[in-house]
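Protein chains in written order, with this note's numbering: chain L, 146 to 445; chain V, 417 to 459.
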């Protein structure tokens, strides 16, 4: 969410949330490291899970029993869990767990090489990563455990693919924090299927909260490709850039249509984020799409 | 310089910002698994 808003915006959200548990600490904060400590105290105040408040580094949970305890946060009973995603994480021994951890650490290091500042914010917002296998999904996040990421990358993924995974999950958490600061949705309307729209990444009809998440995630991944990673020829985690831009375009249009007939479903901040994504699509991605498809035609 | 952004941003945060956010957090908490299915697995 950094590239589509700003570092300042992201830091302001974190500091304001810290202020809810320590107003003096928030207003007198003078370094990112100090903010990390305050942020962990804020997360602890939510009472969602145990947080290591004395550390400022991302922690990896690879022991099967410890990881299985964290899996519970990914189960749910909500109508909003439209993809029946609760049971996707398996509680079984993952023979590749150490290699997966090593690849994720390598990707975090790679992210630091592309953009030390971006990586520093990721390492602030994400406090813990646990690894368990799944035959369905490659990672996940939940508003029930802000700061905690479930990761299950294929060991054969390129480092760039795993960097994109980290950006994807980080952006969900940035959205959770943003939503805590500014209300985003009227959830009683989100559950009404007549308000659903097409998502940007799964390209399926989904509830509007998940659709906005997908729009913001797709926008961030595309911006990171544009500014840092480059455009991959055979990506495995996210679609190729030209297809992702097309799906993002459809998703934004579909969401605009859905909220035009339901004025109150998006609160002001959610509507602002959607408008911002629309502006980035038109100013940056559609011209890029024209260039990519023109070059492709020339090569073929 | 992230540290300087933190410092300058912190100085601008007002008591009103914090109070409004605290109220919002309390309302929402006292407001969803999002699992990532890879592109190659969707095809």
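Every residue gets a Cβ at the ideal spot worked out from N, C-alpha and C, and that includes glycine.
Since residue i sits in a beta bridge, which residues does DSSP pair it with?
{"i": "residue 462 of chain L", "result": "Any property of residue 462 of chain L remains undetermined from this structure, which presents chain L solely from 146 to 445."}
{"i": "residue 330 of chain L", "result": "L:411"}
Looking at the secondary structure, which residues open and close the alpha helix (DSSP H) in which residue i lies?
{"i": "residue 210 of chain L", "result": "209 to 216"}
{"i": "residue 261 of chain L", "result": "261 to 270"}
{"i": "residue 163 of chain L", "result": "152 to 164"}
{"i": "residue 451 of chain V", "result": "Unbroken run through residue 451 of chain V is the beta strand (DSSP E), 449 to 452; no alpha helix (DSSP H)."}
{"i": "residue 322 of chain L", "result": "304 to 326"}
{"i": "residue 415 of chain L", "result": "413 to 425"}
{"i": "residue 418 of chain V", "result": "418 to 428"}
{"i": "residue 437 of chain V", "result": "431 to 445"}
{"i": "residue 168 of chain L", "result": "168 to 172"}
{"i": "residue 456 of chain V", "result": "455 to 458"}
Let me know the secondary structure DSSP gives residue i once reduced to three states.
{"i": "residue 407 of chain L", "result": "coil"}
{"i": "residue 273 of chain L", "result": "strand"}
{"i": "residue 287 of chain L", "result": "strand"}
{"i": "residue 258 of chain L", "result": "helix"}
{"i": "residue 204 of chain L", "result": "strand"}
{"i": "residue 301 of chain L", "result": "coil"}
{"i": "residue 282 of chain L", "result": "coil"}
{"i": "residue 148 of chain L", "result": "coil"}
{"i": "residue 234 of chain L", "result": "coil"}
{"i": "residue 390 of chain L", "result": "helix"}
{"i": "residue 294 of chain L", "result": "strand"}
{"i": "residue 366 of chain L", "result": "helix"}
{"i": "residue 224 of chain L", "result": "Because residue 224 of chain L sits at a pLDDT of 42, beneath the cut-off of 50, its placement in the model cannot be relied upon, and the point is left open."}
{"i": "residue 432 of chain L", "result": "helix"}
{"i": "residue 241 of chain L", "result": "coil"}
{"i": "residue 178 of chain L", "result": "helix"}
{"i": "residue 185 of chain L", "result": "helix"}
{"i": "residue 376 of chain L", "result": "coil"}
{"i": "residue 251 of chain L", "result": "helix"}
{"i": "residue 383 of chain L", "result": "coil"}
Expressed to the nearest angstrom, what Euclidean distance is found between the alpha-carbon atoms of residue i and residue j?
{"i": "residue 531 of chain L", "j": "residue 366 of chain L", "result": "In the structure as shown, chain L starts at 146 and stops at 445, and residue 531 of chain L therefore has no counterpart that could be examined."}
{"i": "residue 242 of chain L", "j": "residue 273 of chain L", "result": "15 Å"}
{"i": "residue 177 of chain L", "j": "residue 269 of chain L", "result": "8 Å"}
{"i": "residue 502 of chain V", "j": "residue 289 of chain L", "result": "Because chain V is modelled from 417 through 459, residue 502 of chain V falls outside the range shown and cannot be assessed."}
{"i": "residue 148 of chain L", "j": "residue 318 of chain L", "result": "15 Å"}
{"i": "residue 146 of chain L", "j": "residue 298 of chain L", "result": "22 Å"}
{"i": "residue 348 of chain L", "j": "residue 450 of chain V", "result": "14 Å"}
{"i": "residue 173 of chain L", "j": "residue 292 of chain L", "result": "23 Å"}
{"i": "residue 153 of chain L", "j": "residue 331 of chain L", "result": "27 Å"}
{"i": "residue 422 of chain L", "j": "residue 237 of chain L", "result": "40 Å"}
{"i": "residue 428 of chain L", "j": "residue 316 of chain L", "result": "21 Å"}
{"i": "residue 234 of chain L", "j": "residue 428 of chain V", "result": "43 Å"}
{"i": "residue 157 of chain L", "j": "residue 164 of chain L", "result": "10 Å"}
{"i": "residue 278 of chain L", "j": "residue 424 of chain V", "result": "43 Å"}
{"i": "residue 418 of chain L", "j": "residue 392 of chain L", "result": "17 Å"}
{"i": "residue 207 of chain L", "j": "residue 340 of chain L", "result": "40 Å"}
{"i": "residue 155 of chain L", "j": "residue 438 of chain V", "result": "17 Å"}
{"i": "residue 336 of chain L", "j": "residue 196 of chain L", "result": "31 Å"}
Compare the C-alpha of residue i against each of the options and name the closest.
{"i": "residue 412 of chain L", "options": "L:385, L:369, L:357, L:391", "result": "L:357"}
{"i": "residue 445 of chain V", "options": "L:307, L:235, L:182, L:325", "result": "L:325"}
{"i": "residue 193 of chain L", "options": "L:346, L:215, L:211, L:376", "result": "L:215"}
{"i": "residue 203 of chain L", "options": "L:191, L:172, L:182", "result": "L:182"}
{"i": "residue 420 of chain L", "options": "L:432, L:433, L:434, L:405", "result": "L:405"}
{"i": "residue 284 of chain L", "options": "L:314, L:415, L:158, L:363", "result": "L:314"}
{"i": "residue 275 of chain L", "options": "L:428, L:198, L:218", "result": "L:218"}
{"i": "residue 441 of chain V", "options": "L:328, L:346, L:381", "result": "L:328"}
{"i": "residue 383 of chain L", "options": "L:267, L:213, L:308, L:167", "result": "L:308"}
{"i": "residue 373 of chain L", "options": "L:248, L:431, L:380, L:260", "result": "L:260"}
{"i": "residue 401 of chain L", "options": "L:424, L:209, L:280", "result": "L:424"}
{"i": "residue 390 of chain L", "options": "L:362, L:190, L:415", "result": "L:362"}
{"i": "residue 387 of chain L", "options": "L:437, L:368, L:248", "result": "L:437"}
{"i": "residue 352 of chain L", "options": "L:396, L:375, L:246", "result": "L:396"}
{"i": "residue 433 of chain L", "options": "L:323, L:379, L:409, L:368", "result": "L:368"}
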